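Undergrad: Have a look at the structure that comes next, please.
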Amino acid sequence: MKARSPQAIKQFLINQVLLDPRRSENPLLEKELSYISRERVSKPRIYVGMGTCGKIAGAGQTFLTIKEYLDDHGIEADLVEGGCIGLCSAEPMVDVQLPGRARVSFGNISRDEVQYLLDEVLNHNLPDLKIIGQYSNDISQPWDGIPSVFEHPFFVNQKRILLDNCGLIDPVSVEEYIARGGYWAFTDSISKLTPAGVCELIVESELFGRGGGGYSTGKKWADTQKTISDQKFLVCNAVESDPGSYMNRVIIESNPHRLIEAVLLAAYAIGATKTFVFIRQEFKLAIERLEKAIENARNFGLLGHHIFDSGVNIDIIIKKGARAFVCGEETALNNSIEGKRAMPESKPPYPSEKGLWNKPTIVNNVETLFNVPLILKNGPDWFKNTGTSVSKGTKLFSLTGKVRNYGTIEVPMGVSFRDIIWRIGGGIAANKKFKAIILGINSGNYITESTLDTRIDFQELKSIGTSLGSGGFVVIDNTTCMVDLAKYFTDFFKKESCGKCIPCREGTARLLEIMEVVTQRPGKFSNFQTLERFKGVMQLRSLANVMKDTSLCALGKSAPNAILNTLNNFKGEFDVHIFERKCPANVCRDLRVFSIDVDLCTGCTACYKKCPADAIIGSARHPHFVVEEKCIGCGLCYDACKFNAVLIH
Numbered sequence: 012m013k014a015r016s017p018q019a020i021k022q023f024l025i026n027q028v029l030l031d032p033r034r035s036e037n038p039l040l041e042k043e044l045s046y047i048s049r050e051r052v053s054k055p056r057i058y059v060g061m062g063t064c065g066k067i068a069g070a071g072q073t074f075l076t077i078k079e080y081l082d083d084h085g086i087e088a089d090l091v092e093g094g095c096i097g098l099c100s101a102e103p104m105v106d107v108q109l110p111g112r113a114r115v116s117f118g119n120i121s122r123d124e125v126q127y128l129l130d131e132v133l134n135h136n137l138p139d140l141k142i143i144g145q146y147s148n149d150i151s152q153p154w155d156g157i158p159s160v161f162e163h164p165f166f167v168n169q170k171r172i173l174l175d176n177c178g179l180i181d182p183v184s185v186e187e188y189i190a191r192g193g194y195w196a197f198t199d200s201i202s203k204l205t206p207a208g209v210c211e212l213i214v215e216s217e218l219f220g221r222g223g224g225g226y227s228t229g230k231k232w233a234d235t236q237k238t239i240s241d242q243k244f245l246v247c248n249a250v251e252s253d254p255g256s257y258m259n260r261v262i263i264e265s266n267p268h269r270l271i272e273a274v275l276l277a278a279y280a281i282g283a284t285k286t287f288v289f290i291r292q293e294f295k296l297a298i299e300r301l302e303k304a305i306e307n308a309r310n311f312g313l314l315g316h317h318i319f320d321s322g323v324n325i326d327i328i329i330k331k332g333a334r335a336f337v338c339g340e341e342t343a344l345n346n347s348i349e350g351k352r353a354m355p356e357s358k359p360p361y362p363s364e365k366g367l368w369n370k371p372t373i374v375n376n377v378e379t380l381f382n383v384p385l386i387l388k389n390g391p392d393w394f395k396n397t398g399t400s401v402s403k404g405t406k407l408f409s410l411t412g413k414v415r416n417y418g419t420i421e422v423p424m425g426v427s428f429r430d431i432i433w434r435i436g437g438g439i440a441a442n443k444k445f446k447a448i449i450l451g452i453n454s455g456n457y458i459t460e461s462t463l464d465t466r467i468d469f470q471e472l473k474s475i476g477t478s479l480g481s482g483g484f485v486v487i488d489n490t491t492c493m494v495d496l497a498k499y500f501t502d503f504f505k506k507e508s509c510g511k512c513i514p515c516r517e518g519t520a521r522l523l524e525i526m527e528v529v530t531q532r533p534g535k536f537s538n539f540q541t542l543e544r545f546k547g548v549m550q551l552r553s554l555a556n557v558m559k560d561t562s563l564c565a566l567g568k569s570a571p572n573a574i575l576n577t578l579n580n581f582k583g584e585f586d587v588h589i590f591e592r593k594c595p596a597n598v599c600r601d602l603r604v605f606s607i608d609v610d611l612c613t614g615c616t617a618c619y620k621k622c623p624a625d626a627i628i629g630s631a632r633h634p635h636f637v638v639e640e641k642c643i644g645c646g647l648c649y650d651a652c653k654f655n656a657v658l659i660h
């Protein structure tokens with residue numbers, strides 16, 4: 012492609028791509044767009060996965076080492092802070108794209124491996140490092156013997172629609188996004204479709220909300236679009252405070268322009284001129300990239316006043332929210348945007364009728380909105396071709412926990428939970444035994460062995476008494492104590508309760524009290540306290556059901572789920588804790604009893620030196636003993652012993 016200045020590229024993309032309805036019929040555009048989209052490059056281009064997951068794994072050091080290498084060797088190359096492709100277990104990831112050659116991806120590249128990697132690849136040799144695969148296409152010469160990235164076991168059973176650009180493009184580059192088809196749906200919609208027409212297409216697509224509620228997105232929009240009001244608002248809920256869930260943060264960090272386009276389309280559809288992206292303030296990288304992307308989109312004239320002479324006015328405001336789980340509830344979220352305390356309100360009226368400043372307000376989560384540009388670009392039938400008869404499209408999950416391959420995944424609706432764990436996740440790590448899946452802490456029931464073949468489908472999940480949840484997918488094995496897990500979630504909800512309604516405020520505190528005494532050893536109780544303990548245990552289920560029935564918002568209604576799930580699916584573990592005062596998984600600290608096998612103990616004093624409670628006695632080169640009354644169950648002696656002499660009972 013003839014070298015163009017940034018301003019010339021901008022005008023080219025606006026005139027020949029965004030505003031030209033015949034762009035798909037113009038073959039001359041293909042080559043020029045391939046350079047702008049970086050599918051072709053004129054000099055080496057190196058991508059480092061610099062999402063949050065990559066940075067935690069050390070990608071920042073890898074990036075700086077690559078930069079030093081290029082400077083020291085005087086190599087002219089583009090070094091890009093990329094997003095996350097989803098395979099978090101392979102971070103830090105480095106991709107190298109040479110002129111005329113296919114882009115090749117390497118995993119787990121530490122700073123110490125950078126020199127060897129670049130010495131080889133820049134000389135057209137592949138180093139003996141962990142190769143994820145290459146990105147094959149018709150315009151670049153492939154590397155011999157290297158499979159496609161998407162033939163990797165983690166990717167081969169996914170269907171990447173929402174994640175298509177994640178990890179592949181410069182996240183904040185509006186030019187790359189447009190060259191790959193971005194903002195086409197928006198410019199076409201505001202020039203060819205009425206707001207009602209956009210709503211009709213979303214209704215026809217059968218897109219349902221991905222935030223857990225599963226309500227028709229198009230119908231929700233259409234009702235608000237028909238509402239007469241002098242002002243309407245669109246809110247993107249990017250709070251994502253559910254433990255174990257991070258896929259919305261990943262896609263914002265990796266492809267913020269699609270979120271911007273989606274927000275613009277949704278705002279146009281309902282007639283809103285002001286929109287908010289409500290995001291947790293600690294998502295610093297996501298906020299930083301979204302702010303840059305908004306600025307770049309504004310420079311292209313894609314948002315603001317009188318967009319492309321269409322008469323459409325839409326502005327996007329980023330609202331940084333507090334670190335509070337309750338902010339994910341739409342009425343609490345709206346209160347926070349207004350500057351009030353984030354407390355839920357009773358419904359009806361719903362926000363679509365009376366939301367921000369008492370005006371009609373649509374609240375959609377990130378994943379729901381991400382589908383919108385693709386539906387409007389490719390058509391409702393394209394979207395409906397993926398999924399089941401009831402549930403259309405794909406679903407994002409944060410696949411975490413005790414699996415070999417973990418990260419952000421996208422699967423078509425209709426895939427079973429078993430397939431996700433073993434065909435994408437690679438099975439249970441360390442060859443342990445599967446125990447359960449937690450679909451977000453507020454979703455309903457755990458997925459256990461008996462329901463593992465259930466498909467990802469709104470109706471099938473409803474039939475087993477659960478729901479899809481927001482996208483958390485935590486796999487746990489037989490080393491996990493379900494009672495301890497239920498206590499953890501109960502403590503989480505107690506801390507996150509806004510305190511507005513009594514069932515949630517007092518109920519979570521009482522549930523936690525009961526769970527704490529269930530996991531404590533007998534010596535801590537008097538006879539009266541023992542009686543109270545059993546009384547509390549007997550009331551556990553009824554108290555949990557009262558909370559579900561009477562709490563004001565979804566947080567309070569969800570708070571008892573972990574306990575009810577454990578009672579329904581793992582009652583045997585509860586019984587052992589209650590009646591035998593033991594933790595089968597040896598996790599509950601106050602129920603662990605330690606002793607030392609005198610035949611195995613060498614008197615090395617390692618356990619004695621580590622004990623913080625002076626609960627171990629003995630002299631050097633002689634067997635030691637544990638004073639049970641002093642032992643706090645920390646397990647440091649067990650970890651320190653090299654002779655397997657410390658036993659857990």
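According to my numbering, the sequence shown is numbered sequentially starting from 12.
Beta carbons are placed, not taken as given, at the ideal position from N, Cα and C, and that holds for glycine.
Since we're looking at a predicted model, the values are computed, not measured.
1) Unbroken alpha helix (DSSP H) runs of length 4 or more, entirely within the stretch 87-145: which are they?
2) Can you give the beta carbon distance from A277 to P206, rounded, assuming they're within the 8 Å contact cut?
3) Which same chain residues end up closer than 7 Å to K444 when comparing Cβ atoms and leaving out the 5 residues on each side of it in sequence?
4) Rounding to the nearest angstrom, what Cα-Cα distance links K506 and C338 in this structure?
5) Tell me the DSSP secondary structure of P423 in three-state form.
6) State the start and end residues of the unbroken beta strand (DSSP E) segment that holds R291.
7) Give me the DSSP bridge partner(s) of Q152.
8) Around the C-beta of E251, are 16 or more other C-beta atoms found within 10 angstroms, so that it is buried, or is it exposed?
9) Return the chain-ordered ranges of every alpha helix (DSSP H) run that is complete within the stretch 200-266 and spans a minimum of 4 residues.
10) Give me the Cα-Cα distance between T235 and L212, rounded to the nearest whole angstrom.
11) To the nearest angstrom, report how far apart R56 and A68 are at their CA atoms.
12) What's the C-alpha gap between L602 and C594?
13) What does the Cβ neighbour count give for P103, buried or exposed, with the cut at 16 atoms within 10 Å?
14) Find out if the Cβ-Cβ distance for the pair Y457, N576 is shorter than 8 Å.
15) Would you report the Cα separation of S363 and V377, rounded to the nearest angstrom?
16) Taking only the alpha-carbon atoms, compute the straight-line gap between P360 and K231 and give it to the nearest angstrom.
17) To the nearest angstrom, report how far apart P17 and E186 are at their CA atoms.
18) Where does G614 fall in DSSP's three states?
19) From which residue to which residue does the alpha helix (DSSP H) around G451 run?
20) So what does DSSP say about R415, is it helix, strand or coil?
21) Suppose only complete runs of 4+ residues qualify. What are the alpha helix (DSSP H) ranges in the stretch 525-613, listed by chain order?
22) Apart from the five residues on each side of it in sequence, which residues of its chain come closer than 8 Å, Cβ to Cβ, to V52?
23) In angstroms, rounded to a whole number, what distance separates the CA positions of E79 and L98?
24) Within this structure, are the beta carbons of A441 and L496 separated by less than 8 Å?
25) Tell me the DSSP secondary structure of A626 in three-state form.
26) Leaving out five residues on either side along the sequence, give the residues of the same chain with a beta carbon under 7 Å from the beta carbon of P571.
27) Using beta-carbon positions only, say whether A626 and V638 come within less than 8 Å of one another.
28) Between the Cα of S357 and the Cα atoms of W195, E131 and K511, which residue gives the shortest distance?
29) Determine the direct distance from the alpha carbon of G322 to that of L340, and round the result to whole angstroms.
30) Skipping 5 residues on each side, what residues in its chain have a beta carbon closer than 8 Å to that of N148?
31) Can you tell me whether A19 is buried or exposed, with buried defined as 16 or more other CB within 10 angstroms of its CB?
TA: This is what the structure gives:
1) Complete alpha helix (DSSP H) runs here, min 4: 125-132.
2) If you number the sequence shown from 1, residue 277 lands on position 266. If you number the sequence shown from 1, residue 206 lands on position 195. Wrong, their Cβ atoms sit about 10 Å apart, outside the cutoff.
3) By one-based count along the sequence shown, residue 444 stands at place 433. Excluding positions up to five away in sequence, the list reads D488 and N489.
4) One-based indexing of the sequence shown puts residue 506 at position 495. One-based indexing of the sequence shown puts residue 338 at position 327. Note on geometry: alpha-carbon atoms of K506 and C338 lie some 13 Å from one another.
5) On the sequence shown, residue 423 is found 412 positions in, with the first residue counted as 1. The answer is strand: DSSP assigns P423 an E or B state.
6) Numbered from its first residue, the sequence shown carries residue 291 at position 280. Its beta strand (DSSP E) spans residues K285 to R291.
7) Looking up residue 152 in the sequence shown gives position 141. Per DSSP, R112.
8) Translated into positions along the sequence shown, residue 251 becomes position 240. E251 comes out buried.
9) Unbroken alpha helix (DSSP H) stretches of 4 residues or longer found wholly inside the stretch 200-266: 206-216, 228-237 and 258-265, given in chain order.
10) Residue mapping note: residue 235 aligns to position 224 of the sequence shown, counting from 1. Residue mapping note: residue 212 aligns to position 201 of the sequence shown, counting from 1. The alpha-carbon atoms of T235 and L212 are separated by roughly 15 Å.
11) In the sequence shown, the residue the question calls residue 56 occupies position 45. In the sequence shown, the residue the question calls residue 68 occupies position 57. Whole-angstrom Cα-Cα distance: 22 Å.
12) Along the sequence shown, one-based indexing puts residue 602 at 591. Along the sequence shown, one-based indexing puts residue 594 at 583. Taking the straight line joining both Cα atoms gives about 6 Å.
13) Translated into the one-based positions of the sequence shown, residue 103 becomes position 92. Classification of P103: buried, given that the 10 Å Cβ count is 16 or more.
14) As a working mapping, residue 457 is identified with position 446 in the sequence shown. As a working mapping, residue 576 is identified with position 565 in the sequence shown. Contact: yes.
15) Taking the sequence shown and counting its residues from 1, the one referred to as residue 363 is at position 352. Taking the sequence shown and counting its residues from 1, the one referred to as residue 377 is at position 366. Approximately 17 Å between the Cα atoms of the pair.
16) The sequence position of residue 360 within the sequence shown is 349, counting from 1. The sequence position of residue 231 within the sequence shown is 220, counting from 1. Rounded to the nearest angstrom, the two C-alpha atoms are 14 Å apart.
17) What you label residue 17 is simply residue 6 of the sequence shown in a count that begins at 1. What you label residue 186 is simply residue 175 of the sequence shown in a count that begins at 1. When rounded, the distance between both Cα atoms is 9 Å.
18) The residue you call residue 614 lines up with position 603 of the sequence shown. DSSP, reduced to helix, strand and coil, places G614 outside both helices and strands of the structure shown, so it counts as coil.
19) As a first step, residue 451 must be located in the sequence shown, where it is residue number 440. Unbroken run through G451: none, as it is neither H nor E.
20) Locating residue 415 in the sequence shown gives position 404, where the first residue counts as 1. In this structure, R415 counts as coil in the three-state DSSP scheme.
21) Whole alpha helix (DSSP H) segments, 4+ residues: 538-561, 565-569, 572-580 and 582-586.
22) As a working mapping, residue 52 is identified with position 41 in the sequence shown. For V52, where only same-chain residues beyond five positions count, the Cβ hits under 8 Å are Y46, D89, Q108, L109 and P110.
23) Numbered from 1 along the sequence shown, position 68 holds the residue referred to as residue 79. Numbered from 1 along the sequence shown, position 87 holds the residue referred to as residue 98. Taking the straight line joining both Cα atoms gives about 26 Å.
24) Counting from one through the sequence shown, the residue named residue 441 turns up at place 430. Counting from one through the sequence shown, the residue named residue 496 turns up at place 485. No; because the gap between Cβ atoms is not below 8 Å, this pair is not in contact.
25) As a first step, residue 626 is located in the sequence shown; it is residue number 615 there, counting from the start. In the three-state scheme derived from DSSP, where H, G and I count as helix and E and B as strand, A626 is classed as coil.
26) Numbered from its first residue, the sequence shown carries residue 571 at position 560. Hits under 7 Å: L522, A555, M558 and K559.
27) The count along the sequence shown starts at 1 and reaches residue 626 at position 615. The count along the sequence shown starts at 1 and reaches residue 638 at position 627. Yes, Cβ-Cβ distance for A626 and V638 is below 8 Å.
28) Residue numbering aside, residue 357 sits at position 346 when the sequence shown is read from its first letter. Selected option, being the one with the closest Cα: K511.
29) Here residue 340 refers to the residue found at position 329 when the sequence shown is read from its first residue. Here residue 322 refers to the residue found at position 311 when the sequence shown is read from its first residue. First, the amino acid is wrong: residue 340 is Glu here, not Leu. In this structure, the alpha-carbon of E340 lies about 33 Å from that of G322.
30) Residue 148 sits at position 137 when you count from the first residue of the sequence shown. Excluding sequence neighbours, N148 sits near E50 and A113.
31) Here residue 19 corresponds to residue number 8 of the sequence shown, with the count starting at 1. Exposed is the call here.
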